[in-house]
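J.: Provided herewith is a single structure, encoded as structure tokens, for subsequent inquiry.
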Amino acid sequence: YYGSGQQVCEDSPSYWQDSEGRSCDDYVSGQLCTSDGQHGPNWSQFWGSFADFAMHGIAAPQACCGCGKEGCIADVVLVVDRSGSIGTYNWQKMVAYMKDRVT
């Protein structure tokens, strides 16, 4: 099964927190950022920039999908053997599993 051009975005690193201990979820739910990478309505101008709160050089717009991090395009190729040894039922389960991953 072949899927192409899927937009995929995951917060990364998944455990990311800023220097104050706020996660991506905190940024999004607290409206500290916008989906286009800008400061949200609850970001105080007195705090400075996102970079001022970066951890290990990674700030919210680079770590968090909800703060403007762009997803990557994934070209995915899955190769399976349809020799018949797994049976029709298991083959259908495998195809459904693959479709769920790339669509």
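Per my numbering: the sequence shown = residues 28 to 130. Glycine is no exception: its CB is placed at the ideal position from the N, C-alpha and C atoms. These numbers were taken from a predicted model, which means no experiment stands behind them.
When you compare each of GLU47, ALA81, SER46 and TYR54 to CYS92 by their alpha carbons, which one comes out closest?
T.: TYR54
J.: If VAL64 sits next to GLY111, beta carbons under 8 Å apart, how far is it from one beta carbon to the other, in whole angstroms?
T.: The question names Val, yet the displayed sequence has Gly at residue 64. Wrong, their Cβ atoms sit about 51 Å apart, outside the cutoff.
J.: Secondary structure at GLN44, three-state DSSP: helix, strand or coil?
T.: strand
J.: Quick one: using the 10 Å Cβ neighbour count with 16 as the cut-off for buried, is ALA123 buried or exposed?
T.: exposed
J.: Cutting at 8 Å between CB atoms, please list the residues of its own chain near PRO68, excluding the five before and the five after it.
T.: GLN58
J.: Compute the Euclidean distance between the alpha carbons of GLY30 and THR115, then round it to the nearest angstrom.
T.: Note that GLY30 scores a pLDDT of 47, beneath 50, so its modelled location is shaky and nothing firm can be said.
J.: In this structure, what does DSSP give as the bridge partners for CYS60?
T.: HIS66
J.: Report buried or exposed for ALA78, applying the criterion of at least 16 other Cβ atoms within 10 angstroms of its Cβ.
T.: With fewer than 16 other Cβ atoms within 10 Å, it is exposed.
J.: Can you tell me which of the three DSSP states TYR28 falls into?
T.: Reliability of the predicted coordinates at TYR28 is poor, the pLDDT of 39 falling under 50, and no value is obtained from them.
J.: Am I right that SER46 and PHE80 are in contact with their C-beta atoms under 8 Å? What's the rounded C-beta distance?
T.: That belief holds up - the Cβ atoms of SER46 and PHE80 are roughly 5 Å apart, short of 8 Å.
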